[in-house]
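**Q** Those letters in the sequence shown? Residues 0 to 522, by numbering that gives the first Met the number 0.
All C-beta atoms in this analysis are idealised placements derived from N, C-alpha and C, irrespective of residue type, glycine included.
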Amino acid sequence: MKKLPIGIQTFSAVRLDDFVYIDKTPLVWKMVQQPSRYFLSRPRRFGKSLLVDTFKELFEGNKALFEGLYIYDKWDWSKTYPVIKLDFADGTIQSRKDLDVRILDLFYGAQTLLGIECEFNTDLASCFRQLIQKAHAKYGQKVVVLVDEYDKPILDNIDNVEISAQVREGLKNIYSVLKGQDAYLQFVFMTGVTKFSKVSLFSGLNQLEDITLDSRFATICGYTQNDLQTSFAEHLDGVDWAKLKEWYNGYQFLGEAVYNPYDVLLFISKGLLYRSYWFETGSPSFLIKLFKKNRYFLPELDNIQVDENILNSFDVENINPITLLFQAGYLTIDSVNEDELEELNFHLRIPNREVQSALYSQLLSGYTHLAESVRSHRRNLLVLLKAADFDGVQAEIVSLFASIPWRNFTKNDIDSAEGYYASVMFAYLSSLNAHITAEDISNHGQVDLTVKLGDHLFIMEFKLDKSTDYQPQTPNPALQQIITKNYAQKHQAWSQAGKPIHQIGLIFNQNARNLVQMDWLTV
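#1: Are the beta-carbon atoms of T190 and Q251 separated by less than 8 angstroms?
#2: Excluding the 5 residues flanking S466 on each side, which residues of the same chain have their C-beta closer than 6 angstroms to its C-beta?
#3: Whose C-beta lies closer than 6 angstroms to the C-beta of N510 among residues of the same chain, with five residues either side of it excluded?
#4: According to the Cβ coordinates, are M459 and L452 closer than 8 angstroms?
#5: On the DSSP letters alone, give me the boundaries of the alpha helix (DSSP H) that R101 sits inside.
#6: Ignore the nearest five residues each way along the sequence and tell me which others in R95's own chain have a CB closer than 7 angstroms to its CB.
#7: Is T121 helix, strand or coil by DSSP?
#8: Suppose the cutoff is 6 angstroms on Cβ atoms and the five residues either side in sequence are ignored; what does the same chain contact list for Y427 look like?
#9: What are the start and end residues of the alpha helix (DSSP H) that includes F285?
#10: Candidates D86, R44, V392, F38: which alpha carbon is nearest K566's?
#11: I'd like the list of long-range same chain contacts for S494, defined as Cβ closer than 6 angstroms, with 5 residues on each side in sequence excluded.
#12: Taking the beta carbon of M424 as the centre, do at least 16 other beta carbons fall within 10 Å, making it buried, or is it exposed?
#13: Using DSSP bridges, identify the partner residues of A437.
#14: Return the chain-ordered list of same chain residues with a C-beta closer than 7 angstroms to the C-beta of E148, the five sequence neighbours on each side being excluded.
#15: Buried or exposed: D518, going by 16 or more other Cβ atoms within 10 Å of its Cβ?
#16: Could you pull the start and end residues of the beta strand (DSSP E) that M27 belongs to?
#17: Using the beta-carbon count (16 or more within 10 Å), is H376 buried or exposed?
#18: If you count every other CB in all the chains shown that lies within 10 Å of the CB of K151, and 16 or more means buried, which is it?
#19: What do you get for P474, buried or exposed, if any count of 16 or more other CB atoms within 10 angstroms of its CB means buried?
#20: What do you reckon, are the CB atoms on P34 and F188 nearer than 8 angstroms?
#21: Taking 8 angstroms as the threshold, find out whether the region 315 to 322 comes into contact with the region 383 to 394 through three or more Cβ pairs.
#22: Starting from E255 and walking both ways along the alpha helix (DSSP H), at which residues does that stretch end?
#23: Hey, out of N172, Q206, E161, whose CA is closest to D181's CA?
#24: Report the residue from N293, D122, Q129 whose alpha carbon sits nearest the alpha carbon of N172.
#25: With DSSP as the reference, please indicate the residues paired to M459 in a beta bridge.
#26: Out of curiosity, what's the CA-to-CA distance linking K410 and K292?
#27: So, under 8 angstroms CB-CB, S230 and V19 are touching, yes? Tell me the CB distance rounded to an integer number of Å.
#28: Can the beta-carbon of F65 be found closer than 8 angstroms to that of T24?
#29: If you run the structure through DSSP and keep just helix, strand and coil, what is M517?
#30: Between V176 and T223, is the Cβ-Cβ spacing less than 8 angstroms?
#31: Considering only the beta carbon of each residue, do L145 and V82 sit closer than 8 angstroms?
#32: Going by the DSSP bridge assignment, what does M189 pair with across the sheet?
#33: Name the one or two DSSP bridge partners that R348 has.
#34: Let's see if you can read the secondary structure: which residues bound the beta strand (DSSP E) around D454?
#35: Ordered along the chain, which non-local residues of its own chain (more than five positions away) have a Cβ less than 7 angstroms from that of N407?
#36: Here's the rule: buried if 16 or more other CB atoms are within 10 angstroms of the residue's CB, otherwise exposed. What is D414?
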């Protein structure tokens with residue numbers, strides 16, 4: 000049984016030491032047949048670095064590593080090319096000075112590997128030009144430039160606009176060199192997590208072909224279902240394929256959906272134990288802060304419609320949280336349609352169970368400032384809902400909101416918005432891996448939340464009362480709205496199957512900062 004390439008990012012190590020390798024060279028072959036310049040954005044730990052190293056070994060002519068692979072008998076091994084590889088993955092850059100030191104160090108490393116000498120100085124753009132031109136002169140072949148994690152220095156400082164903007168300008172100074180050196184370049188490949196707008200980072204570098212959302216290259220990173228059922232067949236013997244797919248598949252880049260490689264490898268290594276392996280390697284703390292700052296209405300994450308520009312435009316001075324969620328892998332494409340202007344519109348969704356549970360747990364912690372107790376609240380609520388113990392559910396919700404340190408929100412008056420309570424409840428329920436429909440539309444209107452959990456369906460309506468001395472209302476206006484507008488009618492098939500439908504009206508009070516009335520009716 001072949002070994003699992005956990006944490007292995009070098010092509011030679013994978014090929015020489017009997018690791019499982021998914022042959023990506025059919026797609027590599029499409030990219031390298033002529034001089035080309037490509038850009039690819041993929042979430043972290045998706046195999047980008049291994050892909051970059053594959054290009055390096057190919058252009059350097061290391062033929063033995065490719066024996067048995069698709070590209071082996073197609074590539075002209077008589078030609079080799081000088082390769083300049085810039086890898087920003089290591090360490091953390093905290094200033095423009097740190098960036099300049101790192102870039103100069105990368106240039107010195109490339110110079111040593113290529114056996115050339117450049118007159119490096121403080122003008123880093125000039126250094127890069129020298130490196131390319133002298134490599135071309137020495138080897139008599141055009142140069143290959145590979146940039147891995149091109150955006151990491153910016154992302155290291157994403158919560159500090161001033162520093163991230165300075166770092167961006169430093170990178171822009173280097174990347175802009177590539178356009179002027181076009182005559183010396185055979186192949187350029189840049190990869191990272193985010194895609195910055197051409198104005199902010201790629202100005203003057205319009206020759207880069209973006210293959211991020213290109214159906215031809217949808218599976219160039221990640222594992223397909225066939226990969227798992229063939230190359231990993233022995234490792235996954237006896238696995239529940241439907242459950243595995245629910246947990247880790249679902250990443251869609253306008254082609255066949257793929258699994259997160261890191262999740263699959265850790266899942267196998269840990270004895271087929273389902274856990275949030277990928278998410279736990281880097282939770283989106285900055286995104287949580289951004290969502291809170293903008294008072295983002297979390298139920299809107301359930302039904303996101305965006306145009307292509309939103310997915311492609313990212314800038315440190317004006318960060319759209321949806322763009323960042325998509326590019327970082329917390330959202331993926333569900334469907335695409337063309338509007339009247341012949342422009343593409345994308346419907347986004349959370350890719351799988353791992354991301355849904357972990358992301359909403361993080362959002363719940365961020366919105367409530369309850370880090371340690373969130374897990375117990377979630378576990379208690381899950382048990383109570385499955386038992387349809389609504390007295391217990393009410394007590395649990397009251398306990399949750401009573402635990403929130405409201406002094407953290409006084410400057411934002413966040414508790415005065417009905418959307419806040421709906422957001423917390425949405426995150427709370429979504430973290431239970433329930434099937435949630437926010438603002439569920441029927442021919443009578445729309446209800447705030449519809450929740451399917453096991454054989455139970457819950458229809459929930461929220462109201463915010465602003466009185467200083469709340470008195471219970473009869474009837475409960477939130478529950479009465481559900482009944483009057485007959486929101487349950489849409490779910491007749493559920494009821495006809497003998498499954499209960501629970502109609503729940505929840506009233507929160509701004510002064511009490513908590514749930515003050517909850518009534519329910521099961522049909």
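**A** This is what the structure holds:
#1: Start at 1 with the first residue of the sequence shown, and residue 190 comes out as number 191. Start at 1 with the first residue of the sequence shown, and residue 251 comes out as number 252. No, the pair does not count as a contact, with Cβ atoms beyond the cut-off.
#2: Within the sequence shown, numbered from 1, the residue matching residue 466 stands at position 467. Cβ neighbours of S466 beyond the five flanking positions: none.
#3: Counting from one through the sequence shown, the residue named residue 510 turns up at place 511. The answer, listed in chain order, is T467.
#4: The residue you call residue 459 lines up with position 460 of the sequence shown. The residue you call residue 452 lines up with position 453 of the sequence shown. In this structure, L452 does not lie closer than 8 angstroms to M459 by Cβ.
#5: For the purposes of this step, residue 101 is taken as the residue at position 102 of the sequence shown. From DSSP, the alpha helix (DSSP H) with R101 extends over 95 to 113.
#6: If you number the sequence shown from 1, residue 95 lands on position 96. Taken in chain order, the residues that qualify are Q165, V166, G169.
#7: To locate residue 121, count along the sequence shown from 1; it is residue 122. Three-state result, T121: coil.
#8: Against the sequence shown, residue 427 aligns to sequence position 428. L363.
#9: Here the question's residue 285 lines up with position 286 in the sequence shown. Residues 284 to 292.
#10: Beyond the ends of the chain as shown, which are 0 and 522, falls residue 566; an answer cannot be given.
#11: On the sequence shown, residue 494 is found 495 positions in, with the first residue counted as 1. Contacts found: I500.
#12: Position 425 of the sequence shown, counted from the start, is the residue given in the question as residue 424. Its Cβ being crowded by 16 or more others within 10 Å, M424 is buried.
#13: Residue 437 sits at position 438 when you count from the first residue of the sequence shown. Paired residue(s): L448.
#14: To locate residue 148, count along the sequence shown from 1; it is residue 149. Around E148: D86, F87, A88, G191.
#15: Looking up residue 518 in the sequence shown gives position 519. Its Cβ being crowded by 16 or more others within 10 Å, D518 is buried.
#16: As a working mapping, residue 27 is identified with position 28 in the sequence shown. One detail in the question is off: residue 27 reads as Val in this sequence, not Met. Careful: V27 lies outside any beta strand (DSSP E), inside the alpha helix (DSSP H) at 24 to 31.
#17: As a position in the sequence shown, residue 376 is number 377, starting the count at 1. Flag for H376 reads buried.
#18: What you label residue 151 is simply residue 152 of the sequence shown in a count that begins at 1. Counting Cβ neighbours within 10 Å, K151 comes out buried, since at least 16 surround it.
#19: Residue 474 sits at position 475 when you count from the first residue of the sequence shown. Exposed, by the Cβ-count rule.
#20: Sequence index remark: in the sequence shown, residue 34 carries index 35 (1-based). Sequence index remark: in the sequence shown, residue 188 carries index 189 (1-based). The answer is no: Cβ separation not under 8 angstroms.
#21: no
#22: The count along the sequence shown starts at 1 and reaches residue 255 at position 256. Premise fails: E255 is in no alpha helix (DSSP H) and is neither H nor E.
#23: Against the sequence shown, residue 181 aligns to sequence position 182. Comparing Cα positions, the closest option is Q206.
#24: Here residue 172 is taken as the residue at index 173 of the sequence shown, counted from 1. Among N293, D122, Q129, the Cα nearest to that of N172 is on D122.
#25: Taking the first residue of the sequence shown as 1, we reach residue 459 at position 460. For M459, which the question treats as bridged, DSSP gives the partners L448, I503.
#26: Within the sequence shown, the letter at position 411 stands for residue 410. Within the sequence shown, the letter at position 293 stands for residue 292. Unreliable positioning characterises K410 in this predicted model, as indicated by a pLDDT of 45, which lies under 50. The coordinate reading is nonetheless provided below. Rounded to the nearest angstrom, the two C-alpha atoms are 11 angstroms apart.
#27: As a position in the sequence shown, residue 230 is number 231, starting the count at 1. As a position in the sequence shown, residue 19 is number 20, starting the count at 1. So it is a contact: roughly 6 angstroms between Cβ atoms.
#28: In the sequence shown, the residue the question calls residue 65 occupies position 66. In the sequence shown, the residue the question calls residue 24 occupies position 25. Yes, the Cβ-Cβ distance between F65 and T24 is below 8 angstroms.
#29: Within the sequence shown, numbered from 1, the residue matching residue 517 stands at position 518. In this structure, M517 counts as strand in the three-state DSSP scheme.
#30: In the sequence shown, the residue the question calls residue 176 occupies position 177. In the sequence shown, the residue the question calls residue 223 occupies position 224. For V176 and T223, no; Cβs fall outside 8 angstroms.
#31: By one-based count along the sequence shown, residue 145 stands at place 146. By one-based count along the sequence shown, residue 82 stands at place 83. Yes; because the gap between Cβ atoms is below 8 angstroms, this pair is in contact.
#32: What you label residue 189 is simply residue 190 of the sequence shown in a count that begins at 1. F38, V146, per the DSSP bridge assignment.
#33: Here residue 348 refers to the residue found at position 349 when the sequence shown is read from its first residue. Partner(s): T331.
#34: Within the sequence shown, numbered from 1, the residue matching residue 454 stands at position 455. Where D454 is concerned, there is no enclosing beta strand (DSSP E), given that its DSSP letter is neither H nor E.
#35: Residue numbering aside, residue 407 sits at position 408 when the sequence shown is read from its first letter. The pLDDT assigned to N407 is 47, lower than 50, so where the model puts this residue is not dependable; a value taken from the coordinates is nonetheless given after this. Within the same chain, N407 has close Cβ partners H368.
#36: In the sequence shown, counting from the first residue as 1, residue 414 sits at position 415. Any reading at D414 must be qualified, since the residue scores a pLDDT of 49, below 50, and its modelled position is unreliable; no value is offered.
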